[in-house]
Amino acid sequence: GEDVEQSLFLSVREGDSSVINCTYTDSSSTYLYWYKQEPGAGLQLLTYIFSNMDMKQDQRLTVLLNKKDKHLSLRIADTQTGDSAIYFCAEKGGGSYIPTFGRGTSLIVHP
Amino acid sequence: KAGVTQTPRYLIKTRGQQVTLSCSPISGHRSVSWYQQTPGQGLQFLFEYFSETQRNKGNFPGRFSGRQFSNSRSEMNVSTLELGDSALYLCASSLTGGDRYEQYFGPGTRLTVT
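Protein sequences, first through last, are from chains A and B. Counting in our numbering, the first sequence runs from 243 upward without gaps. Counting in our numbering, the second sequence runs from 315 upward without gaps.
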């Protein structure tokens with residue numbers, strides 16, 4: 243089946259930028275998503291990008307998509323301790339409404 | 315506006331029993347999706363309901379079923395529980411579902427099967 247890969251951990255200093263990376267295998271992916279999960283909480287949809295876009299910016303968040311390399315990244319500017327959470331990448335292939343999730347990247351922000 | 319609510323929040327069941335979980339979507343939302351989250355398998359899509367009809371289904375055995383009522387509230391049922399069904403079950407609601415949607419998640423139901 244289709245696969246979505248993420249690194250497991252990322253540690254950054256407060257105030258720095260964080261970049262969380264994701265690769266996927268489905269070349270027909272049409273929508274790609276980033277979710278955030280804080281400890282003991284459900285998921286929060288942060289942002290999504292269409293496959294015909296290269297970049298999307300939303301306040302401190304920037305999503306970059308390299309469709310040729312099937313690579314998605316989420317950049318968080320001026321990372322704060324409140325950004326500490328697990329970030330999941332997900333994709334939906336063309337014609338399928340079933341999302342495939344990565345295993346999540348645990349972002350640790352230290353002072 | 316109230317968020318997505320899931321009941322119960324925690325549940326302990328014995329192998330072989332069955333369980334029913336409930337999800338109340340945000341008022342006005344007609345699509346409800348269910349997900350299973352485990353340390354081993356990660357996040358997996360279970361099914362989606364829209365206007366009382368199952369619209370999409372993930373790759374889960376028939377022991378997992380669901381339904382949606384006319385008020386958009388949804389229930390999922392797992393029969394003949396197995397130890398591997400221990401998981402966080404998340405429900406999400408959106409206005410109409412589909413690809414380009416704002417999806418809101420509930421806090422989840424933590425199911426432990428012993």
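Don't be surprised by glycine CBs; every beta carbon is placed ideally from N, CA and C. Since this is a predicted model, take the numbers as computed values, not measurements.
Worksheet item: Is leucine 395 of chain B helix, strand or coil by DSSP?
Response: coil
Worksheet item: Does the Cβ of valine 261 of chain A have 16 or more other Cβ atoms within 10 Å, making it buried, or fewer, making it exposed?
Response: exposed
Discussion item. I believe threonine 267 of chain A touches tryptophan 276 of chain A by the beta-carbon criterion, under 8 Å. Please report the beta-carbon distance rounded to the nearest angstrom.
Written reply: Going by Cβ atoms, the distance from threonine 267 of chain A to tryptophan 276 of chain A rounds to 18 Å, so no, they are not a contact pair.
Discussion item. Which runs of the alpha helix (DSSP H) at least 4 residues long sit entirely within the stretch 245-271 of chain A? Give them in chain order.
Written reply: none
Discussion item. Spatial neighbours of phenylalanine 356 of chain B within its chain, please: C-beta separation below 8 Å, excluding the five flanking residues on both sides.
Written reply: Sequence check: residue 356 of chain B is glycine here, not phenylalanine. So the list is empty, once near-sequence residues are dropped.
Worksheet item: Relative to chain B, which residues along the stretch 333-347 of chain A have a C-beta separation below 9 Å, given in chain order?
Response: Lys334, Ser338, Tyr339, Ile340, Pro341, Thr342, Phe343, Gly344, Arg345, Gly346
Discussion item. Comparing C-alpha positions only, which one of A:Thr304, A:Leu250, A:Ile340 sits nearest to threonine 347 of chain A?
Written reply: Measuring from the Cα of threonine 347 of chain A, the nearest candidate turns out to be A:Leu250.
Discussion item. When you compare the CB of phenylalanine 429 of chain B with every CB in chain A, is at least one pair closer than 8 Å?
Written reply: The structure shown has nothing for residue 429 of chain B, since chain B only spans 315 to 428.
Worksheet item: methionine 295 of chain A: buried (16+ other C-beta within 10 angstroms of its C-beta) or exposed?
Response: exposed
Discussion item. According to DSSP, alanine 332 of chain A sits in a beta bridge with which residue or residues?
Written reply: A:Tyr275, A:Phe343
Discussion item. Run through chain A and tell me which residues come within less than 8 Å of leucine 397 of chain B, C-beta to C-beta.
Written reply: Within chain A, no residue comes near leucine 397 of chain B; the closest Cβ sits about 21 Å away, beyond 8 Å.
Item to complete: Check whether the Cβ of leucine 409 of chain B lies closer than 8 Å to any Cβ atom in chain A.
Response: no
Discussion item. For serine 345 of chain B, report the span of its beta strand (DSSP E) as first-last.
Written reply: 345-352
Discussion item. Three Cβ pairs or more, each shorter than 8 Å: is that satisfied between the stretch 371-388 of chain B and the stretch 323-338 of chain B?
Written reply: yes
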